[in-house]
Structures are given as structure tokens and as C-alpha cells.
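Engineer:
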Amino acid sequence: MIKRKRIVEPLRPDTLFDPCIKCTICVTACPVAQVTADFPGPKQAGPDAQRFRGRGEPVEGSWITLCTGCHRCQTVCPADVPIAEINLFAKQRYARKHGYGLATQLMTHAHLLSPWGARFRPIAMLMLRWKLARWFAEKLFGIDRRAPMPPFAKQRFSTFLKKHKSPAGKRKVAYFYGCFTDSNEPAAGHAILRVLEAAGVEVHIPPQQCCGAALVGAGHFDHARKQNEFNIASLKQALDEGCEAIVVGSPSCALALSHESGEPLGIDGQGVYEKVVDLFTYLRRLRDEGELNLRFKETPVDAAFHEACHLTALGFGANAPGLLNEIPGVRVRVLDAGCCGLAGTYGMKAKTGDLARAIGANVAARVAEWKPQVVLSECEGCRMQITHLTGVPTKHPAQVLAEALADSPPSK
Amino acid sequence: MRRRVLIIGGGIAGLTASLEAAQAGAEVTILQAGQGAHHLFSGCIDVLAYPDPDGPPAENPLVEIVKLTGSRPEHPYAKVGAAMVREALTSFIARLDAQGLVYHGSGETLRRVATALGTIRLTGLVPDTMHGDPAQIDVVCNVGFFRNFAEGMIAAELGRRTGRAIASLSYGFEQGRRDAVGIAGQLCAPDRCTALGEFLKELAPGKTVAVPNVLDAERATEIKRHVEEIFGGTLLEMPGLPPGLAGVRMIRALRRTALDAGVRIIAAARAVGARTADGQVRGVWVKAGANERLEIADSYVLAAGHLVTGGLVSDRYRLREPIFNLPVRGWDGGRFFAEKFLTTQGHPALGAGVEVDELLRPLGDGGPLYENLFACGDILAGFDPYRERSGGGVALATGTVAGRWAAGVSA
Chain W
1 MIKRKRIVEP LRPDTLFDPC IKCTICVTAC PVAQVTADFP GPKQAGPDAQ RFRGRGEPVE
61 GSWITLCTGC HRCQTVCPAD VPIAEINLFA KQRYARKHGY GLATQLMTHA HLLSPWGARF
121 RPIAMLMLRW KLARWFAEKL FGIDRRAPMP PFAKQRFSTF LKKHKSPAGK RKVAYFYGCF
181 TDSNEPAAGH AILRVLEAAG VEVHIPPQQC CGAALVGAGH FDHARKQNEF NIASLKQALD
241 EGCEAIVVGS PSCALALSHE SGEPLGIDGQ GVYEKVVDLF TYLRRLRDEG ELNLRFKETP
301 VDAAFHEACH LTALGFGANA PGLLNEIPGV RVRVLDAGCC GLAGTYGMKA KTGDLARAIG
361 ANVAARVAEW KPQVVLSECE GCRMQITHLT GVPTKHPAQV LAEALADSPP SK
Chain V
1001 MRRRVLIIGG GIAGLTASLE AAQAGAEVTI LQAGQGAHHL FSGCIDVLAY PDPDGPPAEN
1061 PLVEIVKLTG SRPEHPYAKV GAAMVREALT SFIARLDAQG LVYHGSGETL RRVATALGTI
1121 RLTGLVPDTM HGDPAQIDVV CNVGFFRNFA EGMIAAELGR RTGRAIASLS YGFEQGRRDA
1181 VGIAGQLCAP DRCTALGEFL KELAPGKTVA VPNVLDAERA TEIKRHVEEI FGGTLLEMPG
1241 LPPGLAGVRM IRALRRTALD AGVRIIAAAR AVGARTADGQ VRGVWVKAGA NERLEIADSY
1301 VLAAGHLVTG GLVSDRYRLR EPIFNLPVRG WDGGRFFAEK FLTTQGHPAL GAGVEVDELL
1361 RPLGDGGPLY ENLFACGDIL AGFDPYRERS GGGVALATGT VAGRWAAGVS A
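Residue numbers (the numbering used here), protein chains in the order written: chain W, 1 to 412; chain V, 1001 to 1411.
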């Protein structure tokens, strides 16, 4: 009798290519595969290629850097193959050997740079608008000169929060606002805060660092791990102090704090991952329990809603359109035109900026066809890109909700 | 409060059920792990082509469905009736039409579509890009040097079947991917699309030209019209190997209809179990990443598909329904390895599924297991969609019925 030694080791996503039944649905869902011949598509780039890679073996094909990390492949996979994670590991291995490139290094560390942008706002804003400066930035750093760049905030959200005290409520949540809200677009943060407090929820602000979504997306795991070890410990403490959920403003932050911290970063979640939700999923839960008592005034808004890829990937669905459509006067239609293409730093790099714009063409076409007053999306990247491609203003859906609250001042 | 309906599965059956339930006033949520199996199929809606494995093809599928009601009461069509099938097909055509996607057919005659094997496929409803008589095809033209398309073989085989001399052409690009999605992307560039038209104008002016299923999932009609205007003929897509972009087009249009009707679609979320009590389903356990939660509704629709999409799972000996642990009937197990894999008799395991009553409630030994659970689509027992060519029609008709009962209105 032959005795076999049983090999027991934890299955990591980069070894989970076997359930792939080669059905190719991921290829039909991949935004990159639609627009370039240089990317072989998620099936070949993911499970097919992984079959030929040994553990820890470097990854050679530079096409792997063309994956935007949108997770759409994984979302449509009937066999639960973690295609996006397989690609993230491959990106990491590629980058270890070939480097990340200056543009990626700069932009995945935007959380370190943006506070300076906010501090020297007038100069920084001038540089962003100054075409010559953008040209130099493209030549020197590889940052696409036409790509949308966020403005810097007059007052950082964290500065405001230092003086803000949330009134005590029956329910209490921890709010993770993320660096973009902090340095670039505090308006979304103010709206989320206002909505939660109007719903009688006490908002606790735990100490937080960047969620590292951009770092993870570029295969830069080590820095992301450090940041999220801090975040997970801080959020764990918030849960221990009686917060019932961790409300995250941006879907990409939420994905990094729940799914990606676990895999690929390998951090022990200590019960945090299960509690991470986006704002509207939290509100929907309150509503379904009959505990959402918000009073609205008639607010005429004709909006289109863009579901960010990472919102889909969270597995909660898009809960904003349903809730917003219950406000008198508000009409929200779901775009469902695919990915906007920005994918964080992807659309800002000179190398991939054109691809990002090509990916976003379907979204742009549908916005042009519908002509909404405003496009709503929880993801700040999508908002920047959609305004960039269409010229239509964009907002976080919480902003519409906040403006429609009965005691809100009339919006400008 | 509105009645809450939770639908498991976002394929043709699930989306149809969601639309019917939403139309009846319910608050509808779809849970999906994956996104149906439409990309594996032709994009046509099969209604019923081969009612009897040894008999001739159906002349009038709807008439055959009426006959089934008497002869095979276990068939899903027998449970919902021919009138419902007709109604479901009509609504499907109208819904897609509103999204700019045209389908031809009514279920009363079989439609013929030439395939990428050179065979003639008998089906029910046909998308506009495949709508045309296969006997009129003059030329088979590969586009994009598509790997899954042997134009010479197709032309010879199709010619043999239609009794005509059919020419074959091959058109492609110097660089680029040679899979359906890659070629579709390249054809979206106006200069490429025009170049294809010019090529056909030179070599096949005014002819009926069959091409692989590589017209873009969003802009197929636009591209077809543009090419046809240049060469003055007719372009016909041929269904072939996956991914089938015609199926992708169809499901996207249905999805948009559902979203417009206010249906909430939760993707990347797998239903893994259920809470039941007193003959009622009280909630469905959902897993999405680290998050596990109970989704609660007033009624539930199981539209999770068959083996391919995980609605049923298998081990070596049997099939299992993984969410509600419903009994799977119609296959005694143990004979996964049929002597012939592809036969006109069908594979025994593919006819197996969940047995239901007239209201499409899954049955146990003593009647319906749960008052508020309805099943539809491929997961149903009593029919083999591949052998009969009936999958699309069953999905539409049973989806309609399940959606209505779930919303609390009589079907």
C-alpha cells in the first residue's frame, strides 16, 4: 500500500485557480480587455497564467500592470475564483523585480503628499491648473497631463473634526472618512456626518491612516500592511467601545479595510472586517429595521447614479438609489454603463491615462445621452473621472441626502 | 410597507422574476454570485425545438407545449401553461425593444440560425444580428482572424446543408487579440469598422455575409448598420463558442430594465444557507467576503441555475441544492459518466432538478416545503434544456410566474 503524506497548508488566493471552469464570463466583464489588445484578459492573466507560476517566482509579463484592480472579473465569476487577488499577487511579484515606477510611487503615497497640498493650497492649485507644470509632471514623473486631479481643501476635514463633538445617540458608529475626504473634498465628509447625526447616530472618529487601497492596487503590500495594521487595531478599539458598525465613505477604502486587509495583506481582522459597511448600506439597514427617521423636504434633483466597481465588490449592492428615490422630488436613475476607468492612480498615469479614458467611454456616452443635472457616486475616483469625461458635476450621494434633510438650508 | 422579495440569481429567470415582482409593487432585491450563464449560450431564446428525443423538430413550439401539458405533467411548461409562455415571450421582446435591442420571433414557429460549426440551429427568438435565413448566406467571413472560427470548414458544411456554393473570406488586423472580446473592442474603432465594410464591398458586394459573434456587447447594432451601409449587403452573426457576446448584450439590456424598475442588484454575494421555521423561509444567509449576514424578505425566489452556475452542486454520486437543501429529483445518481457525452438523448443529470407544484413552490414528500419559496429557470426538474432546446423559454415563463406569486399576486 502506498502511503501518501498529506500536505496541509492554508490555501492562499494565488493558488485558488483550480475552480476556474474557463467559462470566460470574466473576459466579457473586464473593462481593460474591451479597450486594449495588450492585456490578455482576466482569465488568461489570472487563473490561466497562475497555473504556470511557482510560489514566489517572479512574474515577467508587464501586461499585469494593466489590470486596474476593479474586481469586476471576480464579481461575475460563478466559481468564486479570486481573480482580482491572483492579479494583485502577480503585480506585487512583478513590481518586486521590475520596480513600481515613479508615478506609481508618488501617487500611491498621495496620503503623505496631499496634506502638504492642502497646506500650500494656493500654490498647489495653481500648479494643478498650470498646463506647463502638468507637462513637466508628465515628463518627469509620468503623471498624465490631462488626467483629472483633485482640488485641495481649504480646511482639512480632520482639522474640522478636532473641534466637532457628535451628540450622544442611541446608536454609535465609527466613521472612517479616508484621505481624499480629508485633504481634497471635505464636503462629502460633512454630508455623511450630517446625515448620520440627523438619523440619531453618534459618530465616533477613530484615529486613522490611509487605507492603502492605491498601494494594494499597485502591488505595494508592505506599506499598505503597516497602515492597515494601525487601522484595524484602531477600529477594533472603536468596536470595543460600543460602535455597532464601521461606516466608510468611499467604497475603495471599505474594500481595503475589509476584503483586502485580509487577503492579500494577510492581517488578522479581529472582527473588524465583518463590521465594515458603506454609508447607504448602513442607512438601508436602519430603514429595514424601521429605525431610520429622517424628514425630508421637497428637493428637485434629476440625477444619474454610477455604481463604483469597488462598491459592487463589497457585496452589499448599491443602496443609495433606492433610498434617495424615496425623497420627494428626487429622481435617480442607475447608469449601469460599466467602469469609469479611473481606477485610482491608473487613470492618472501617462502610461495608462488613455486606456482609462477609453474604458470610461461607455459611462460618458450614457451620461451624455441622459443629461442628468448631477452624477452621484460614492467613489471619489469615479466622480473625478466622470466630471473629467463629461463636464457634468458629480457628488457623493450623501450630499443629496444631506441637502434634502428638512432642516437643511436651501442648497446653492 | 411594501412586500419584500428576495431573488437568488441574476440570469434570465431571476431578472424576469424581479421585473414581474417589481411591476406588481414589491420591493425587490436580487442576490447574485456570478452573473448567469448567458455568455455560454447563443443569445437566442430557445422555446422548444425537440419535444421528443427521437421525433422530428417541433413545427409550432407553442402547440407542442400545449401537448406537453397532458403528456409530461412534470415538465415546467406543463405547470405554467402555453398561454403563460406566449405572454412571457411577448413581454421579453417588448422589454428589450425598449432598451434598443430587437428580437424576432413569437414562439409559434422555429427560427433557423446558422452556427459557427456550419450547422443550422433551431430556436425560438432570434436577436436582430442573427436574424436572416441561413439558406441565403453567400459568404462566410472570419473577422479579426478569430481563433474559434474556421471559415473554410463552416462554408463547406453550411453549403452542404443549404445546397449552395458558399465562399469563405478571412479578414483581420495585423496586431491584437484574437478572442471575441478583443476583436469586438477593435471593431469599435470607426476606422476598423469602416475598413471591414470596404473589404466586403470589394469582395462580397451586396451579399449576405455570415461573421462570428464578435460585434461589441454595447454597440452591435450600430456597427452592423455601419458595415452594411458600406457594402450594401446583410451581415449575420453566427453563434459559436463562449463567450457569446449576443448573450451578454441580452443580459445587460434585461439588467438595465430591472434597475430602471427599481430592483436592487447585490452582486458578489453568495447565498449559502437559509433560516426556516413553520413552513416558511425566514431569511437567507449571505456571504460576501468576510461579511456574513441574514437577508430577510417576505418571499423568496430561487433562480440560481443548474450545475454551471452553482444552483446545484455535485459530488461523485449525487446532486445537491446547497442553499435550502431541497430534494433534487430526476436523476438516480451514480451515472455521471454517460456512454456518450453529447447525444440527442441528453445527459441524464441535466434533466434533474427541483420539483415544484403549480405555483412553482419546491416540493417535499408531502407537498410544498415552504409557503413563500418559489423556484424558476434551469434549476427546475422535469426538462433537459439542452436536449429539448427549451432553456430560455422555461426561464422566461417560470420566472414570470415565480416573480408574480412571490409578489403576492396570482400568476
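By construction, the Cβ of each residue, glycine as well, lies at the ideal position given by its N, Cα and C atoms.
Just so you know, these numbers come straight off a predicted model, no measurement behind them.
Assign V/Tyr-1317 to buried or exposed, taking buried as 16 or more other Cβ atoms, counted over all protein chains shown, within 10 Å of its Cβ.
Structural biologist: The residue is exposed, with fewer than 16 neighbouring Cβ atoms inside 10 Å.
Engineer: What in chain V is Cβ-close to W/Phe-316, meaning under 8 Å?
Structural biologist: By Cβ distance, chain V contributes Ile-1266, Ala-1269, Ala-1288 and Asn-1291.
Engineer: Using C-beta distances below 6 Å, list every residue in its chain close to V/Ala-1397, excluding the 5 sequence neighbours before and after it, in chain order.
Structural biologist: Closer than 6 Å at the Cβ level, and outside the excluded window around V/Ala-1397, lie Val-1080, Met-1084, Val-1085 and Ala-1088.
Engineer: For my contact list, V/Asp-1046 and V/Gly-1391 are in at a C-beta cut-off of 8 Å; report their separation, rounded to the angstrom.
Structural biologist: Going by Cβ atoms, the distance from V/Asp-1046 to V/Gly-1391 rounds to 6 Å, so yes, they are a contact pair.
Engineer: Does any residue of chain A have a CB that is nearer than 8 Å to the CB of V/Thr-1119?
Structural biologist: Looking for chain A here will not work: the only protein chains present are W and V.
Engineer: Closer than 9 Å between beta carbons: that is the criterion. Which residues of the stretch 1294-1315 of chain V meet it against chain W?
Structural biologist: If the cut-off is 9 Å between Cβ atoms, the stretch 1294-1315 of chain V has Ile-1296, Gly-1305, Val-1308, Thr-1309 and Gly-1310 near chain W.
Engineer: Helix, strand or coil for V/Gly-1159? Go by DSSP, reduced to three states.
Structural biologist: The answer is helix: DSSP assigns V/Gly-1159 an H, G or I state.
Engineer: Can you pull the chain V residues whose beta carbon is under 9 Å from the beta carbon of W/Tyr-94, in chain order?
Structural biologist: Near W/Tyr-94 there are no residues of chain V at all, since even the closest Cβ is about 20 Å away, more than 9 Å.
Engineer: For W/Met-348, count neighbouring Cβ atoms within 10 angstroms of its own Cβ and tell me buried if that reaches 16, exposed if not.
Structural biologist: Buried: at least 16 other Cβ atoms inside 10 Å.
Engineer: Can you check which of these residues, W/Gly-391, W/Ala-343 and W/Asn-362, is closest to W/Thr-104 by C-alpha distance?
Structural biologist: It is W/Ala-343.
Engineer: Note down the Cα distance separating W/Ala-402 from V/Arg-1004, rounded to an integer number of angstroms.
Structural biologist: Spanning the two alpha carbons is a distance of roughly 27 Å.
Engineer: Check the Cβ-Cβ distances between W/Val-216 and every residue of chain V, and say whether any is below 8 Å.
Structural biologist: By this cut-off, W/Val-216 is not an interface position.
Engineer: In angstroms, rounded to a whole number, what distance separates the CA positions of V/Lys-1340 and W/Val-334?
Structural biologist: Taking the straight line joining both Cα atoms gives about 47 Å.
Engineer: Ordered along the chain, which non-local residues of its own chain (more than five positions away) have a Cβ less than 8 Å from that of W/Thr-36?
Structural biologist: Closer than 8 Å at Cβ, skipping near neighbours: Leu-66, Leu-355 and Ala-358.
Engineer: Could you pull the DSSP bridge partners for V/Glu-1027 from this structure?
Structural biologist: For V/Glu-1027, which the question treats as bridged, DSSP gives the partners V/Arg-1004.
Engineer: Taking buried to mean at least 16 other C-beta atoms within 10 Å of its own C-beta, is V/Met-1001 buried or exposed?
Structural biologist: The residue in question, V/Met-1001, is exposed, as its Cβ has fewer than 16 Cβ neighbours within 10 Å.
Engineer: Determine the direct distance from the alpha carbon of V/Gly-1244 to that of V/Pro-1205, and round the result to whole angstroms.
Structural biologist: Cα-Cα distance, rounded: 27 Å.
Engineer: Is the distance from the Cβ of W/Ala-404 to the Cβ of W/Val-330 below 8 Å?
Structural biologist: Contact flag set, yes.
Engineer: Is V/His-1347 close to chain W, meaning its C-beta is less than 8 Å from at least one C-beta of that chain?
Structural biologist: Output row for V/His-1347: interface = no.
Engineer: So, is W/Asn-293 buried or exposed, given that buried needs 16 or more other C-beta atoms within 10 angstroms?
Structural biologist: Flag for W/Asn-293 reads exposed.
Engineer: How is the beta strand (DSSP E) around V/Glu-1295 delimited, first residue to last?
Structural biologist: That run of the beta strand (DSSP E) goes 1291-1295.
Engineer: Pick out whichever of W/Pro-150, W/Asp-48 and W/Arg-287 has its Cα sitting closest to the Cα of W/Cys-382.
Structural biologist: Of W/Pro-150, W/Asp-48 and W/Arg-287, the residue nearest in Cα terms is W/Pro-150.
Engineer: Between W/Ile-7 and W/Val-81, what straight-line distance do the alpha-carbon atoms span, to the nearest angstrom?
Structural biologist: At W/Ile-7, the pLDDT of 43 sits below 50, so the modelled position is not reliable; the number obtained from the coordinates is stated separately. Going by the C-alpha atoms only, they are around 22 Å apart.
Engineer: Spell out whether any CB of chain W is found under 8 Å from the CB atom of V/His-1039.
Structural biologist: Yes, because at least one Cβ of chain W sits closer than 8 Å to the Cβ of V/His-1039.
Engineer: Would you say the beta carbon of V/Gly-1132 is closer than 7 Å to some non-hydrogen atom of the ligand ATP?
Structural biologist: By its list of ligands, the structure shown contains no ligand whatsoever, and the ligand ATP lies outside what it can speak to.
Engineer: Got a sec: is the Cβ-Cβ distance from V/Val-1181 to anything in chain W below 8 Å?
Structural biologist: Closer than 8 Å to some Cβ of chain W, the Cβ of V/Val-1181 qualifies, so yes.
Engineer: Kindly identify the DSSP beta-bridge partner or partners of V/Met-1238.
Structural biologist: V/Pro-1212.
Engineer: Is the CB-CB distance between V/Ile-1030 and V/Ala-1304 below 8 Å?
Structural biologist: The answer is no: Cβ separation not under 8 Å.
Engineer: Just mark V/Glu-1321 as buried or exposed, buried being the case when its beta carbon has 16 or more other beta carbons within 10 Å.
Structural biologist: Buried.
Engineer: Rank W/Arg-284, W/Cys-243, W/Ser-258 and W/Ala-188 by C-alpha distance to the C-alpha of W/Ser-158 and give the top, closest one.
Structural biologist: Measuring from the Cα of W/Ser-158, the nearest candidate turns out to be W/Ala-188.
Engineer: Going by C-alpha distance, which of V/Asp-1332, V/His-1131 and V/Asn-1060 is nearest V/Pro-1051?
Structural biologist: The residue with the shortest Cα to Cα distance from V/Pro-1051 is V/Asn-1060.
Engineer: Grab me the residues of W/Cys-30's own chain with a C-beta within less than 6 Å of its C-beta, minus the 5 sequence neighbours each way, in chain order.
Structural biologist: These residues qualify, in order along the chain: Gly-41, Pro-42 and Cys-73.
Engineer: Considering V/Lys-1287, what are the terminal residues of the beta strand (DSSP E) in which it resides?
Structural biologist: Segment 1280-1288, the beta strand (DSSP E) holding V/Lys-1287.
Engineer: Alpha carbon to alpha carbon, how far is W/Lys-236 from W/Pro-251?
Structural biologist: Taking the straight line from one Cα to the other gives about 19 Å.
Engineer: Starting from the Cα of V/Pro-1190, find the closest Cα among V/Ala-1033, V/His-1226, V/Ser-1299 and V/Leu-1241 and give me that residue.
Structural biologist: When each option's Cα is compared against that of V/Pro-1190, the closest is V/His-1226.
Engineer: Between which two residues does the beta strand (DSSP E) containing W/Glu-202 stretch?
Structural biologist: Taken as a continuous stretch (DSSP letters only), the beta strand (DSSP E) holding W/Glu-202 covers 201-204.
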